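In the numbering used here, the protein residues as written are 62 to 574.
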C-alpha cells in the first residue's frame, strides 16, 4: 500500500502555497513540446485543486462577502459619530434688503416698526432709540454629533443573529464545494488512469494480432496455410486499430478535463502535448461500512444538511425582525456645535454649545405592513423546514445509490479478475492447438478478442469501483474531516475550522474525534 500525504486546510484562511516539480511526461502517444508536462499524484492533484479550482475560489469570495454583510449589520448596534459642516456666502444686496431699524421705545409703549433699509434715518423726537441691524455676508456652522439606537424592538439583534447564520451558511457552502471538488478530482484522475491503461491493452492486443499476422504470412509463404488465413489476420488487425485511436483520444480529453478542474491554464509552449502527467495505477482497496452507518455519517457530517439547518435558524430570526415593527424605536443623540455670529463677518466670532436629545417613533397603524412582513417571514421559515426535510431524503438517496454502486463495483472486480485469467489460459491453449495443427486461426483470433474484452472489463470495473468510492466518500462526508469550533446543529461564533484530507486507502470507517 503506497504512502499518502495528509493535508491540513485552514478553511477560512488562504491556502498554503505549494511547489510542484515539473518533469517530462511519460505516456502513450505523447508529442514532445517545448513546455514540460507537470506530474501529479492523486494527493498533489487534490491539493492543487483546493488552491486553484474556480468553484472553491468563488466559495471563498462568498465567505468574504458575507463577512462584509455581518459588519454592515453589526454597525446598526454601534454609535454613529458624524461631523456636519455648512458654510454660506450671501450677496450684500440680499443682506441689506433683510436688514432694518429696530425701535426701542423710550416712552409709553411705542410699537416697534421695521423699516425697509432706508438710506437715512431721521432721529425721532419722542424719546425712542433706533438701532440699525445688518446680517453678516459670510456664515458657517460646524456640528459634531453622536447618535445611538437604544431600543428597536429587537430588530437589530435579530438582524445581527440572522447575519451570523448567513455567515455559517456561506461557510458550509464552502465546505460543500470542497467535498464536491475533491470527489470530482478523484473521479477524473481515475478516468485518466483508466484511459491510459486501456491504451496499453489495445496496443498489446494489436501487437499480438500483428504477430499472429506475421506468423500466418510466413506460413502462407511456406505453403502450409491458405491466403484466407492471412486476410483474416489482416482484418483482425484493422478492426482493432480504431479501438486504439478511440482510447488515445479519450485519454487526451480526460487529461484536458482534469487540467480544467485543477485550474491549469493553457500553455502555448507545450503545443499539442498533454497538459499534465499522472502518477499511479487503478487499484482495489475494499471499504467496509454498513449502509446504516453510512447514512448516520451523512446525517451528522454532510455540510449540505448543516447549511439547511443554519438557513432555518436564520429565518427564525427574520420573524423576530418582522415582529419588531409593532414596537417603538428610540434613538439618542447629542454633540457640540460651533456657529458663526450672524451680526459680524469676523470668522473668529463664534458661538459654541452642546445639545442633547432623543427621538422615538411608534407606528400605531401602518396599514398592516408589519402584519404582512410577519406572515411572509413565517412562510419562508416553513419553506426552509420543508427544504431541510427534502434535503435529508436527498442525502439518504445519494448514500444508498453510492452504496449500491460500490457494491456493484466490488462484485465486478471479483468476477472479472478471475475471468482475465481464464481468457488468457484459453488464448494459450488456442495458440498451442494452432501450432500443433489441431486448431484453427479463428479460434486464436476469438480467444484474443476475449482476452482484450476481459482486460478492458476488469479495468472498467476498477474504475467504476474507485469512482463510486469517491462519490460514496462525498455523500457520507468521510472524504474530508473538519474540526469545528462550534457545536452543530446550532453553529454559533465559528472562528475557523481545519480539515484533514485523507487518502482513500487510509480512511477508516469510524470518524475521528
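Glycine included, C-beta positions come from ideal geometry on N, C-alpha and C.
Here the structure is a predicted model, which means the values were calculated and not measured.
Span separating the alpha-carbon of residue i from that of residue j
i           : j           : result
residue 253 : residue 286 : 43 Å
residue 379 : residue 223 : 7 Å
residue 141 : residue 393 : 11 Å
residue 279 : residue 106 : 50 Å
residue 213 : residue 131 : 18 Å
residue 528 : residue 515 : 20 Å
residue 291 : residue 498 : 16 Å
residue 311 : residue 256 : 6 Å
residue 369 : residue 342 : 38 Å
residue 525 : residue 101 : 21 Å
residue 409 : residue 208 : 28 Å
residue 314 : residue 308 : 10 Å
residue 346 : residue 330 : 39 Å
residue 496 : residue 104 : 49 Å
residue 149 : residue 202 : 9 Å
residue 188 : residue 204 : With a pLDDT of only 48 at residue 188, under 50, the local geometry of the prediction cannot be trusted, and no value is derived from it.
residue 532 : residue 238 : 14 Å
residue 98  : residue 109 : 15 Å
residue 137 : residue 217 : 7 Å
Coarse secondary structure for residue i, derived from DSSP in three states
i           : result
residue 346 : coil
residue 458 : helix
residue 335 : coil
residue 143 : strand
residue 323 : helix
residue 365 : helix
residue 429 : coil
residue 101 : strand
residue 48  : What is shown of the chain runs 62 to 574, which leaves residue 48 out entirely.
residue 126 : helix
residue 388 : coil
residue 582 : The structure shown does not extend to residue 582, since the chain spans only 62 to 574, so no value can be given for it.
residue 227 : helix
residue 419 : strand
residue 219 : helix
residue 409 : coil
residue 518 : helix
residue 501 : coil
residue 306 : helix
residue 285 : coil
residue 351 : coil
residue 414 : strand
residue 541 : strand
residue 200 : strand
residue 212 : strand
residue 448 : helix
residue 148 : strand
residue 399 : strand
residue 183 : Annotation note: pLDDT 46 at residue 183 (below 50); position unreliable, coordinate value reported separately. Of the three classes helix, strand and coil, the one that applies to residue 183 here is coil, per DSSP.
Anticipated Cβ contact below 8 Å, residue i with residue j, distance rounded
i           : j           : result
residue 396 : residue 206 : 4 Å
residue 301 : residue 266 : 6 Å
residue 541 : residue 243 : 6 Å
residue 453 : residue 374 : About 16 Å separates the two Cβ atoms, so there is no contact after all.
residue 228 : residue 127 : 5 Å
residue 298 : residue 270 : 5 Å
residue 235 : residue 359 : The pair is not a contact, with the Cβ atoms about 19 Å apart (cut-off 8 Å).
residue 500 : residue 494 : 3 Å
Residue closest to residue i, alpha-carbon to alpha-carbon, out of the options
i           : options               : result
residue 339 : 216, 316, 373 and 448 : 316
residue 399 : 385, 387, 416 and 384 : 416
residue 506 : 525, 537 and 296      : 296
residue 424 : 385, 458, 401 and 450 : 385
residue 455 : 433, 215, 311 and 356 : 356
residue 576 : 389, 299 and 439      : Residue coverage of the chain in this structure runs from 62 to 574, which leaves residue 576 outside it and unanswerable.
residue 372 : 358, 226, 498 and 137 : 226
residue 537 : 250, 152, 492 and 241 : 241
residue 221 : 139, 109 and 249      : 139
residue 503 : 294, 232 and 281      : 294
residue 420 : 363, 273, 211 and 198 : 211
residue 231 : 387, 473, 441 and 129 : 129
residue 152 : 118, 200, 123 and 124 : 200
residue 535 : 363, 288 and 122      : 363
residue 219 : 361, 203 and 383      : 383
residue 470 : 460, 530 and 428      : 530
residue 511 : 441, 487 and 493      : 487
residue 198 : 344, 472, 477 and 404 : 404
CB contact check: residue i to chain B, cutoff 8 Å
i           : result
residue 215 : In summary, chain B is missing from the structure at hand, where a single protein chain is found.
Taking 8 Å as the cut-off, does the stretch 505 to 522 touch the stretch 479 to 490 (at least 3 CB pairs, one atom from each stretch)? The stretch 479 to 490 vs the stretch 505 to 522: in contact.
Taking contact to mean at least 3 C-beta pairs separated by less than 8 Å, is the stretch 106 to 119 in contact with the stretch 313 to 333? yes
Using a Cβ distance threshold of 8 Å, determine whether the stretch 254 to 261 contacts the stretch 408 to 428, with at least three qualifying pairs required. no
If you pair each beta-carbon of the stretch 460 to 477 with each one of the stretch 350 to 363, do three or more pairs fall below 8 Å? yes
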